[in-house]
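To start, the structure itself, in structure tokens.
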Amino acid sequence: MDIGWFLAVSALIFTIGAAGVLTRRSPLVILLCLELMLNAANLALIAFARMHGSQEGQVFALIVMVVAACEVTIGLGIIVAVNRRRLPIDVDEMQELQG
Amino acid sequence: MGEVLFFVAGMGAVAGAIGVVIMRNPFYSVLALVSHLLSLAALFLLLRAEFIAAAQVIVYAGAVMVLYVFVVAYVGGQDEPIGPRAGAGLKAISAVFGAALFVELCIATLGSGLQLIDTPGTPVGASFGSPAEIGTLLLTKFLLSFEIASFLLLIAAVGAVVLARRRGGVSAAEEQARYSAMDVLRPASTGTMAEAVGARHTLPEATVTTTPEEAEDAPTGGRDR
Chain V
2 MDIGWFLAVS ALIFTIGAAG VLTRRSPLVI LLCLELMLNA ANLALIAFAR MHGSQEGQVF
62 ALIVMVVAAC EVTIGLGIIV AVNRRRLPID VDEMQELQG
Chain G
17 MGEVLFFVAG MGAVAGAIGV VIMRNPFYSV LALVSHLLSL AALFLLLRAE FIAAAQVIVY
77 AGAVMVLYVF VVAYVGGQDE PIGPRAGAGL KAISAVFGAA LFVELCIATL GSGLQLIDTP
137 GTPVGASFGS PAEIGTLLLT KFLLSFEIAS FLLLIAAVGA VVLARRRGGV SAAEEQARYS
197 AMDVLRPAST GTMAEAVGAR HTLPEATVTT TPEEAEDAPT GGRDR
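So the protein lines, in turn, are chains V and G.
Residues are numbered in my numbering as their position in the first sequence, beginning at 1, plus a constant of 1.
Residues are numbered in my numbering as their position in the second sequence, beginning at 1, plus a constant of 16.
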């Protein structure tokens with residue numbers, strides 16, 4: 002299978018994730034859409050690694066996965082803290098994090 | 017065979033991604049993302065990234081998604097209407113932005129003029145993408161980024177605990193409602209929520225003065241207190 006097909010799928014997934022970040026309002030779903038975009042980048046990295054026959058792109062993808070896991074942990078922690086304070090889970094309402 | 021697998025996995029990945037965006041209930045969005053991640057792992061296998069595919073399934077689709085499911089269940093996934101609140105204008109703008117982004121990404125990657133982009137890739141050996149090869153790279157060429165990644169994970173774990181802890185202390189009644197056998201084996205309030213928030217002084221005197229002698233005198237432990 003040609004590498005270009007994988008890159009096209011990667012671009013499509015990234016676009017869907019970006020559209021989700023723009024249109025959804027729940028921070029939980031926005032985090033999920035961020036995951037989609039990171040995964041699309043991972044797919045492109047691994048496709049390019051296969052194209053060049055070097056494994057360094059795969060190591061990059063692994064590091065991206067670590068960063069994504071950290072981002073999820075912190076993001077979900079913030080959502081839980083917001084929920085504890087009985088604030089609305091809605092990015093339009095949450096315009097500041099202070100307090 | 018490879019083509020069939022690619023189209024099945026690719027359509028699964030795209031369908032999962034669309035499902036994440038259009039599902040109204042966040043719980044279904046998480047489930048759609050799990051199917052998306054599994055399809056993506058199949059694509060990784062087609063690209064000879066065996067270790068990354070396994071890590072994707074175990075770490076992402078397993079651990080991270082379980083965390084998501086717990087938080088969605090805790091927060092309570094309420095349905096929300098799809099689309100920006102401002103109405104049709106913003107929706108049209110976001111659609112145009114998405115289309116423009118897709119075209120731009122395709123130009124940036126497919127139109128890059130790379131010579132190998134229309135081939136299945138450079139011929140590689142049988143051990144390409146195996147855990148041994150990736151591990152060797154991580155511990156030699158990418159040792160610094162490996163260490164930074166581990167430190168980042170540590171910071172994230174501590175940060176999550178700090179963010180999600182209970183603020184303002186715990187009421188004494190709530191703290192005393194929980195008894196366990198460990199009450200007689202350790203100093204009072206060790207490992208409890210009260211210690212985590214530094215609210216030990218808010219507990220009544222009786223709960224913080226348990227000594228080993230008292231524990232031996234009263235074998236029934238904290239149940240008398």
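Even glycine gets a Cβ: it sits at the ideal position worked out from N, Cα and C.
Given a cut-off of 7 Å, decide if residue j and residue i are closer than it, judged by their beta-carbon atoms.
i	j	result
G:L56	G:A77	no
V:A62	V:L46	yes
V:V60	G:F158	yes
V:I4	V:L37	no
V:D91	V:R26	yes
G:S161	V:I31	no
V:L23	G:P42	no
V:V10	G:G32	no
V:A69	G:L179	no
G:V87	V:L77	yes
V:V67	G:A176	no
G:L36	V:L35	First, the residue type needs correcting, since residue 36 of chain G is Val and not Leu in the sequence shown. Their beta carbons are not under 7 Å apart, which means G:V36 does not touch V:L35 by this criterion.
If I measure Cβ to Cβ from residue i and keep anything under 7 Å in the same chain, skipping five residues before and after, which residues do I get?
i	result
G:I34	none
G:Y84	V46
V:F7	L44, A48
G:S51	G28, G32
G:L54	V73, A77
Taking Cβ-Cβ distances shorter than 8 Å, what residues in chain V pair up with residue i?
i	result
G:S45	L29, V30, L33
G:L179	I75, G78, I79, V81, A82
DSSP three-state label for residue i, please.
i	result
V:F61	helix
G:S143	coil
V:D91	coil
G:V224	In this prediction, G:V224 has a pLDDT of 49, which is less than 50 and means its spatial position is unreliable; nothing more can be read from the coordinates.
G:A130	Ala is not the amino acid found at residue 130 of chain G; the sequence shown has Leu there. In the structure shown, G:L130 sits in coil (DSSP, three-state: anything other than H, G, I, E or B).
V:R86	coil
In chain V, which residues lie with their C-beta within 7 Å of the C-beta of residue i?
i	result
G:E19	M2
G:T156	The contacting residues do not exist; G:T156 stays about 11 Å from chain V at best.
Does the beta carbon of residue i sit closer than 7 Å to a beta carbon anywhere in chain C?
i	result
G:G78	This model lacks chain C altogether; the protein chains it does include are V and G.
Starting from residue i, find everything on chain G with Cβ-Cβ shorter than 9 Å and list it in chain order.
i	result
V:E57	L153, K157, F158
Since residue i meets chain G, which of its residues come closer than 7 Å, beta carbon to beta carbon?
i	result
V:A20	V37, S110, G114
V:E36	L49
V:A119	The first residue shown for chain V is 2 and the last is 100, placing residue 119 of chain V beyond what the model contains.
V:A12	F118, L121, C122, T125
V:A9	C122, L126
V:A48	L63
Excluding the 5 residues flanking residue i on each side, which residues of the same chain have their C-beta closer than 8 Å to its C-beta?
i	result
G:S146	E66, F67
Here's a check: name, in chain order, each residue in its chain whose Cβ is nearer than 6 Å to the Cβ of residue i, leaving out the five neighbours to either side.
i	result
G:L155	none
V:A41	S11, I14, F15
So which residues on chain G does residue i lean against when the C-beta distance must stay under 8 Å?
i	result
V:T45	Reading the sequence as shown, one finds Ala at residue 45 of chain V and not Thr. Result: T125.
Legend entry - Members of the region 79 to 94 of chain V that neighbour chain G once the beta carbon cut-off is set at 9 Å: I79, I80, V81, A82, V83, N84, R85, R86, I90, D91, D93
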